[in-house]
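According to the UniProt record's numbering, the sequence shown is numbered sequentially starting from 1.
Backbone N, C-alpha and C define an ideal beta-carbon position, used for all residues, glycine too.
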Amino acid sequence: NPLHRAHRELTVRAARKIGANVLVHPVVGLTKPGDIDHFTRVRVYQAIMQRYPNGMGALSLFPLAMRMGGPREALWHSLIRKNYGVSHFIIGRDHAGPGKMSDGKDPYGPYEAQELVEKF
């Protein structure tokens, strides 16, 4: 999901709390059908970066295709961000979740990704 005003506020408060800056490092490769297209997502990120306090935020687009692998993909994303030098990584509800299956059920719980990454 693209960043919006509440996300911006959350990241600014978190950064101030630990005396850090924010690296906005969105995955901008292929996503699942029906998601917002690449160009719109990039424009949204570029626009919201102008709303960060001077020098606090940096944007680095990450050209990776989403695998919709749920918790395991969240862990993988965390490891990738660590390799970029990131000390904290915010994982949202149902991170990289594939959505409902043919039986109408979600394969993962909404906070399963956060719980798995917290173990590491």
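Burial state of residue i (16 or more Cβ within 10 Å)
| i | result |
| --- | --- |
| Gly-104 | exposed |
| Tyr-108 | buried |
| Asp-35 | exposed |
| Gly-85 | exposed |
| Ala-96 | buried |
| Pro-71 | buried |
Beta-carbon proximity of residue i to residue j, cut-off 8 Å
| i | j | result |
| --- | --- | --- |
| Val-28 | Ser-78 | no |
| Pro-53 | Val-12 | yes |
| Val-24 | Leu-10 | no |
| Leu-61 | Val-44 | no |
Contact set for residue i: own chain, Cβ-Cβ below 7 Å, skip 5 residues either direction
| i | result |
| --- | --- |
| Arg-51 | Arg-8 |
| Ile-48 | Leu-3, Arg-8 |
Contacts around residue i, its chain only, beta-carbon distance under 6 Å, and the 5 residues preceding and following it disregarded
| i | result |
| --- | --- |
| Ala-65 | Gly-29, Leu-30 |
| Pro-98 | Met-68 |
| Ser-87 | none |
| Phe-120 | none |
Same chain, Cβ closer than 8 Å to residue i, neighbours up to 5 away in sequence not counted
| i | result |
| --- | --- |
| Lys-100 | Asp-106 |
| Asn-21 | Ala-15, Gly-55, Met-56, Gly-57, Ala-58 |
| Ala-74 | Ile-91, His-95, Ala-96, Ala-113, Gln-114, Leu-116, Val-117 |
| Ser-102 | none |
Residues that DSSP places opposite residue i in a beta bridge
| i | result |
| --- | --- |
| Gly-57 | Val-22 |
| Val-27 | Phe-62 |
Residue range of the unbroken alpha helix (DSSP H) whose run includes residue i
| i | result |
| --- | --- |
| Ala-65 | Element bounds for Ala-65: n/a, residue is neither H nor E. |
| Gln-114 | 112 to 119 |
| Met-49 | 38 to 49 |
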